[in-house]
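Just below is one structure, and these are the notes that go with it.
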Amino acid sequence: MTRAFRRVGTITRGTTHPNRLRRVDRWIAHTCASALRSSSDPVVVDHGYGAAAWTPRDLRDRLAVVRPDVSVVGIEIDPERVSAAMDYADETLSFRRGGFEVPLDFRAPVVIRAFNVLRQYDESEVGAAWRTMTSRLAPGGVLVEGTCDELGRHAWWVAMDTGSECRGR
Ligand SMILES: C[S@@+](CC[C@H](N)C(=O)[O-])C[C@H]1O[C@@H](n2cnc3c(N)ncnc32)[C@H](O)[C@@H]1O
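For the sequence shown, the numbering used here begins at 746 and goes up steadily by one.
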């Protein structure tokens, strides 16, 4: 049976940079260490990784220190960016096309990190995107959503779990 589904979201500017998300990578590695270590399926999503595969690769490298068999999945809504990233896939890093519905074939991520994605949407769309993404998390999982400047010197984020009250205005 084929499941019908809709990719939620739109392709936006793909600006990214190597090591751009180091601050939030380190925060995730520290804050989510025990959830990652105790998970039977340590999946982490880098949602909306942009025009190159740098940020999912950096995230995988930092989380592998905590959990060597971590599985980082880069999800992008732009099919050309997904094709381009495939050259960087390996045992613990993979890529797939998708939107806020976070398609993972029924795997539930311990962490979804979405950076510099929602800032390109209208504020009225943020609440629904948060709700959709948090609904995909494993029990005790966390959505880390935020933004930073071009080189990642300044970064801001919020962390939400499945029980968070996500309201859009
Ligand atoms: C500015 S880039 C951010 C790249 C990277 N996360 C970073 O911070 O350097 C935003 C990316 O998010 C993607 N995007 C936008 N909406 C999306 C959605 N609903 N689902 C998946 N990717 C999305 C865009 O196609 C774009 O490549």
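Virtual Cβ for every residue (Gly too), placed ideally from N, Cα, C.
Just reading off the alpha helix (DSSP H) that glutamate 825 is part of, what are its end residues?
-> 824-830
Quick one, are the C-beta atoms of isoleucine 857 and histidine 775 less than 7 Å apart?
-> no
Tell me whether aspartate 803 sits in a helix, a strand or coil according to DSSP, three-state version.
-> helix
Start and end residues, alpha helix (DSSP H) containing isoleucine 857 = Taken as a continuous stretch (DSSP letters only), isoleucine 857 belongs to no alpha helix (DSSP H), being part of the beta strand (DSSP E) at 856-860.
Minimum length 4: unbroken alpha helix (DSSP H) runs contained in the region 865-904 = 871-879
Please classify valine 847: does DSSP put it in a helix, a strand, or coil?
-> coil
With distances taken between CB atoms, is the gap from tryptophan 799 to threonine 761 smaller than 7 Å?
-> yes
Where arginine 826 and alanine 883 are concerned, what is the direct C-alpha to C-alpha distance, given to the nearest angstrom?
-> 27 Å
Would you mind stating whether glycine 759 and alanine 796 have Cβ atoms separated by less than 7 Å?
-> yes
Quick one: using the 10 Å Cβ neighbour count with 16 as the cut-off for buried, is threonine 879 buried or exposed?
-> buried
Quick one: using the 10 Å Cβ neighbour count with 16 as the cut-off for buried, is proline 813 buried or exposed?
-> exposed
So does asparagine 764 have its beta carbon nearer than 6 Å to some heavy atom of ligand 3?
-> Ligand 3 is not part of the structure shown, which contains ligand 1 as its ligands.
Any idea what DSSP makes of isoleucine 773, helix, strand or coil?
-> helix
Return the first residue and the last residue of the alpha helix (DSSP H) that leucine 781 is part of.
-> 778-783
Among residues of its own chain, excluding the 5 on either side of tyrosine 833, which ones have a beta-carbon nearer than 7 Å to its beta-carbon?
-> Ala798 and Arg802
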